[in-house]
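Below is one structure, written out as structure tokens; comments come after it.
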Amino acid sequence: MRHLESGFQLASILCMTNYFNFVDFNSDTSICHTVEAGGQSKSGPNLNKIFSRKSGSTAGYQYSEANMEAEIMWSPAHMDQFLVNPKAYIPGTKMVFAGMKKEKERADCIAYMQQATA
9 MRHLESGFQL ASILCMTNYF NFVDFNSDTS ICHTVEAGGQ SKSGPNLNKI
59 FSRKSGSTAG YQYSEANMEA EIMWSPAHMD QFLVNPKAYI PGTKMVFAGM
109 KKEKERADCI AYMQQATA
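Under the working numbering, the final residue of the sequence shown carries the number 126; numbering is consecutive throughout.
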């Protein structure tokens with residue numbers, strides 16, 4: 009199982025984020041994912057309660073073997089690293105997304121996910 013060091017830097021950035029900064033970008037995310045409880049998977053899995061789940065565990069979604077074997081317990085720190093470059097973080101993932109290079113953009117996305125998927 010992957011473990012990350014205490015994310016002091018990420019925590020600092022998350023403190024400066026604004027949930028509403030990412031709402032404008034939600035249309036991009038909603039093409040592939042749903043966030044509401046009981047939402048259907050699309051080309052990507054439903055993200056409801058993502059921060060209390062293990063990678064590759066959404067019922068009814070056909071994950072790649074890589075996602076199922078990654079044994080990541082999703083946290084904001086893991087999600088931050090994943091969003092930089094999903095294919096590098098979980099080689100073999102089916103996620104078709106180039107990544108978010110800007111730290112603030114990732115932090116806004118994570119803040120949005122923490123609120124929208126709780």
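Even glycine gets a Cβ: it sits at the ideal position worked out from N, Cα and C.
Per DSSP, residue i forms a beta bridge with which residues?
i         : result
residue 8 : One cannot answer for residue 8 here, as it falls past the ends of the chain, which runs 9 to 126.
Looking at C-alpha atoms only, which residue of the options is the closest neighbour of residue i?
i           : options        : result
residue 122 : 83, 73, 75     : 83
residue 102 : 68, 88, 66, 52 : 52
Compare the beta carbon distance of residue i and residue j with 9 Å and say whether it is the shorter of the two.
i          : j           : result
residue 45 : residue 57  : yes
residue 59 : residue 119 : no
residue 75 : residue 39  : no
residue 54 : residue 37  : no
residue 65 : residue 100 : no
Under a three-way DSSP split, which group does residue i fall into?
i           : result
residue 120 : helix
residue 38  : helix
residue 69  : coil
What residues in its chain sit with their C-beta under 8 Å from that of residue i, if we drop five residues either side in the sequence?
i           : result
residue 108 : 91, 92, 114, 117
Less than 7 Å between C-beta atoms, sequence neighbours within five positions excluded: which residues of the same chain meet that for residue i?
i          : result
residue 47 : 54, 56
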